[in-house]
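K.L.:
Here the protein sequences line up with chains A and B, keeping their order. Numbering-wise, the first sequence is residues 1 to 241 according to the numbering used here. Numbering-wise, the second sequence is residues 1 to 178 according to the numbering used here.
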Amino acid sequence: MTDCPQVSQLLAAHAFGLLEGDERDLVQAHLAKCPACRQAFDRLRTLPPLLDLAGGVEGRIPAPPPLLEASILAALPFAHRSRSRWRSSGQRLRRRAPARLRRAAAVAGLVALGAVLALVLPQLSGGPRPSGRLVLRASHLEPDARAVAVLRPHPWGTEVDLHVGHLAPTRGAQVYELWFVSPRGRLSAGTFTVGPSGRAEVTLAAGAHPGQYVSIGITLEPDGLHPARLGPNVLHARMST
Amino acid sequence: MVAALLGPDARDAQRAARSLYRSYGPELYGFAVRRLQDPGLAEEVVQDVFTRAWRSAERYRAERGSVRTWLYTIARSLVLDAERRRGRRPPPPPADAPADAVEPTEPIEMALLRYQVQLALSRLTPEHRQVIELVHFRGLTLSEAAELTGLALGTIKSRLHYASHSLRLALEELEVIR
């Protein structure tokens, strides 16, 4: 159709009922003889009734809080999904060994697993502990601050994925410092700074083992070169026992 | 993406979950907030959506529907549960809530469709939203829209053409239309 390019530019206006006079006649005559443009028009014609549902273009779409992602990821037990339990059905073994062989293999597997764990994870009393997820509570100093910490025990200590938000930006030599706290003292897991966004995602670590510490806390240290427990507590969470 | 959730590698699974959240989490949250009018409850719902998706990932079948459809199916069910627990009575809306935001008696399917059209509109450029607002929601003619904006009539027609196609694309992405 020779007039397709001209008409196609008018199809949207026609779908919204905005054409008049000669233009409308031109488009209608063209649609009567051009299946391609008629198909395109039919697709555009669905828009006005859908827009009526929306009621306007001003509705704000609420954005999720920045920490929701961290909170969701922290709640998913990635390290503990049993491979056999969660294997998709398409991957299931079609043929199974006789029960006697399966039991023998299971016993051998448990013995081997126990031996490996006894070698590499002596402090975990015979099995991997779940990753801990702690929601830290803000002190009166920065009441809007929020933080989620995911604790991962290792043979050498504990690794902490820390997601913080609504923290006051650090200024000058200031740093925030994460501590493992016990009745006998504190152990630093490292420091971090926060920019104007008030958010940070850092991974810190300390030679702290599960059971040795009762809580974790974040302080605001005035001097990053000498973060010596001088600063006030900003966030805090007790570890579950 | 869903298949990676099931993989044996925890880091791959974490990456897949993060990607899944970033693709769909914000829009699911928007829907939950719009429907429940309670940001805290909406957060819980979205968290439960992903937890449930994680637990049932092995039952997901791409041939039965898209990931978005699957997640919205879970979300719809959880929103209804949340409404039942709350007794179907939403808290009073905040003072700055948009006037169209609260329709507590609206069937959830309709609420979802309304939300997705609004979401599609929010993805248009301001110029494209403006022309749709003028000719559809305010009911102006093309000439009146041209006069109001100071643009040539041809520009308005052209802008409406591109705005309509962008809107269709956004609606297709959201699987409202095919």
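Idealized CB from N, CA, C, for every residue including glycine.
#1: Got a sec: which bits of the segment 68-88 of chain B sit with their beta carbon under 9 angstroms from any beta carbon on chain A, in order along the chain?
#2: In the DSSP output, which residue or residues are listed as bridge partners for Thr219/A?
#3: Taking the straight line between their C-alpha atoms, what separation do you get for Pro62/A and Ala82/B?
#4: Against chain A, which members of the segment 112-133 of chain B pass a CB distance test of less than 7 angstroms?
#5: Where does Trp54/B land, buried or exposed, given buried means 16+ other C-beta within 10 angstroms?
#6: If you draw a straight line from the alpha carbon of Tyr29/B to that of Ser77/B, how long is it in whole angstroms?
#7: Between Val7/A, Glu177/A, Pro183/A, which lies nearest to Val214/A when the distance is taken from Cα to Cα?
#8: What's the call for Cys4/A, buried or exposed, on a 16-neighbour Cβ count within 10 Å?
#9: Within 8 angstroms of any Cβ in chain A, is that where the Cβ of Val45/B sits?
#10: What are the residues in the segment 141-167 of chain A lying within 9 angstroms of chain B by C-beta distance?
#11: Under 8 angstroms, do Leu136/A and Ala237/A count as touching if we go by C-beta distance?
#12: At a CB-CB cut-off below 8 angstroms, which residues of chain A make contact with Tyr29/B?
#13: Taking Cβ positions only, does Ile216/A come closer than 8 angstroms to chain B?
#14: Enumerate in chain order the residues of its own chain whose CB-to-CB distance from Leu119/B is below 7 angstroms, with the five nearest sequence positions on each side excluded.
#15: State the start and end residues of the unbroken alpha helix (DSSP H) segment that holds Pro5/A.
#16: Does the CB of Gln9/A have a neighbour CB from chain B at under 8 angstroms?
#17: Among residues of its own chain, excluding the 5 on either side of Arg133/A, which ones have a beta-carbon nearer than 6 angstroms to its beta-carbon?
#18: Measuring CB atoms only, is the segment 41-49 of chain B touching the segment 61-79 of chain B, in the sense that at least three cross pairs come out at less than 8 angstroms?
#19: Going by alpha carbons, who is nearest to Leu235/A out of Val181/A, Leu31/A, Thr203/A, Val27/A?
#20: Is Thr203/A helix, strand or coil when you go by DSSP?
#21: Whole angstroms are fine: how far does the CA of Gln174/A sit from the CA of Pro196/A?
#22: Does the Cβ of Arg138/B have 16 or more other Cβ atoms within 10 Å, making it buried, or fewer, making it exposed?
#23: Figure out for me which residue from Tyr162/B, Glu133/B, Glu106/B, Ser164/B has the closest Cα to the Cα of Thr149/B.
#24: Taking Cβ to Cβ, would you say Ala15/A is nearer than 8 angstroms to Pro48/A?
#25: Pair every Cβ in the segment 164-172 of chain A with every Cβ in the segment 188-202 of chain A, then say whether three or more of these pairs are closer than 8 angstroms.
#26: DSSP state of Arg85/A, grouped into three classes?
#27: Which residues, taken in chain order from the segment 134-155 of chain B, show a beta carbon closer than 8 angstroms to some beta carbon of chain A?
P.N.:
Inspection of the coordinates gives the following:
#1: none
#2: To locate residue 219/A, count along the first sequence from 1; it is residue 219. According to DSSP, Thr219/A bridges with Glu177/A, Asn233/A.
#3: One-based indexing of the first sequence puts residue 62/A at position 62. One-based indexing of the second sequence puts residue 82/B at position 82. Pro62/A and Ala82/B: Cα-Cα distance of roughly 19 angstroms.
#4: Leu113, Arg114, Val117, Gln118, Leu119, Leu121, Ser122, Arg129, Ile132, Glu133
#5: Here residue 54/B refers to the residue found at position 54 of the second sequence. Buried is the call here.
#6: In the second sequence, residue 29/B corresponds to position 29, counting from 1. In the second sequence, residue 77/B corresponds to position 77, counting from 1. Each residue's alpha carbon lies about 14 angstroms from the other.
#7: Position 214 of the first sequence holds residue 214/A. Nearest option by C-alpha distance: Pro183/A.
#8: To locate residue 4/A, count along the first sequence from 1; it is residue 4. Under this definition Cys4/A is an exposed residue.
#9: Position 45 of the second sequence, counted from the first residue, corresponds to residue 45/B. No, its Cβ sits nowhere closer than 8 angstroms to a Cβ of chain A.
#10: none
#11: Residue 136/A sits at position 136 when you count from the first residue of the first sequence. Residue 237/A sits at position 237 when you count from the first residue of the first sequence. Their beta carbons are under 8 angstroms apart, which means Leu136/A touches Ala237/A by this criterion.
#12: Here residue 29/B corresponds to residue number 29 of the second sequence, with the count starting at 1. Pro62, Ala63, Pro64, Leu68, listed in chain order.
#13: Here residue 216/A is taken as the residue at index 216 of the first sequence, counted from 1. No, its Cβ sits nowhere closer than 8 angstroms to a Cβ of chain B.
#14: In the second sequence, residue 119/B corresponds to position 119, counting from 1. Within the same chain, Leu119/B has close Cβ partners Glu27, Gly30, Leu174.
#15: If you number the first sequence from 1, residue 5/A lands on position 5. Here the alpha helix (DSSP H) through Pro5/A covers 4-8.
#16: Within the first sequence, numbered from 1, the residue matching residue 9/A stands at position 9. Yes, because at least one Cβ of chain B sits closer than 8 angstroms to the Cβ of Gln9/A.
#17: Taking the first residue of the first sequence as 1, we reach residue 133/A at position 133. If we look at Arg133/A and ignore the five residues flanking it on each side, its Cβ neighbours are Ala74, Val150.
#18: yes
#19: Here the question's residue 235/A lines up with position 235 in the first sequence. That would be Val181/A, whose Cα lies nearest to the Cα of Leu235/A.
#20: For this step, residue 203/A is matched to residue 203 along the first sequence. Reduced to three states, the DSSP call for Thr203/A is strand.
#21: Looking up residue 196/A in the first sequence gives position 196. Looking up residue 174/A in the first sequence gives position 174. So the two alpha carbons sit approximately 14 angstroms from each other.
#22: If you number the second sequence from 1, residue 138/B lands on position 138. Per the 10 Å Cβ criterion, exposed.
#23: Residue 149/B sits at position 149 when you count from the first residue of the second sequence. For the residues Tyr162/B, Glu133/B, Glu106/B, Ser164/B, the minimum Cα distance to Thr149/B belongs to Glu133/B.
#24: Here the question's residue 15/A lines up with position 15 in the first sequence. Here the question's residue 48/A lines up with position 48 in the first sequence. Yes, the pair counts as a contact, with Cβ atoms nearer than the cut-off.
#25: yes
#26: Here residue 85/A refers to the residue found at position 85 when the first sequence is read from its first residue. Any reading at Arg85/A needs caution, since the residue's pLDDT is 41, under 50, leaving its predicted position unreliable; the model's value is listed next. Note: Arg85/A maps to helix in three-state DSSP.
#27: Val135, His136, Phe137, Thr141, Leu142
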